[in-house]
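In the numbering used here, the protein residues as written are 25 to 157.
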Amino acid sequence: MKESDYQEIIDQKLGNNELLDFQKKAEKLATKSWVLIITAGCGAGKSIVPIVVFKRLAREKKLLAKLFFCYPTTATTSQGFMDYAVPMEIKNKLLMHSRSWVDEKLKLRDFLDTYDSDDGDNDNSQDDSVAKS
């Protein structure tokens, strides 16, 4: 990916907001180490940090690199893919985990069109996790 690719992701995720203090601190720490472990709650904004770091490396070192995210569960893997890869026109994006074939078969790669029942009935004939065809 190029610097512009990373910037597109950053713009998509942050909009007009700035990085949070912990994200700025983590980005600075990443300049001093090959490994950085960030611990924070779900949805706190951990995943943007490597994107910011790789953008800087693409600019400063002309680094063209592939970015891999490893998550602790298949659910967080799928959610991370939905949040970052699906909305973007990223080439060669791939969701891979032990149940990714299920996601693929059920067309969950099109996360933005997922079924959402707002009618309040308790009809369990459709599973909320199944994407619309």
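Think of the CB as a built atom: it goes at the ideal place given N, C-alpha and C, for glycine as much as any other residue.
Anyone know if the C-beta pair for residue i and residue j falls short of 8 Å?
| i | j | result |
| --- | --- | --- |
| residue 109 | residue 117 | yes |
| residue 39 | residue 71 | no |
| residue 36 | residue 111 | yes |
| residue 119 | residue 102 | yes |
Among the options, which one has its Cα closest to the Cα of residue i?
| i | options | result |
| --- | --- | --- |
| residue 64 | 58, 73, 119, 83 | 73 |
| residue 99 | 45, 28, 32, 121 | 121 |
| residue 49 | 36, 30, 31, 69 | 69 |
| residue 93 | 45, 55, 62 | 62 |
| residue 89 | 96, 79, 95, 106 | 79 |
| residue 60 | 66, 46, 67 | 46 |
So, under 8 Å CB-CB, residue i and residue j are touching, yes? Tell me the CB distance rounded to an integer number of Å.
| i | j | result |
| --- | --- | --- |
| residue 34 | residue 76 | 6 Å |
How big is the Cα-Cα spacing for residue i and residue j?
| i | j | result |
| --- | --- | --- |
| residue 81 | residue 42 | 19 Å |
| residue 7 | residue 84 | In the structure displayed, the chain extends from 25 to 157; residue 7 sits before or after that span and is not available. |
| residue 57 | residue 51 | 10 Å |
| residue 26 | residue 106 | 21 Å |
| residue 44 | residue 53 | 14 Å |
| residue 32 | residue 55 | 22 Å |
| residue 28 | residue 91 | 14 Å |
| residue 30 | residue 113 | 11 Å |
Item to check | Runs of alpha helix (DSSP H) lying entirely within the segment 78–133, each at least 4 residues, in chain order | outcome: 98–104, 124–129
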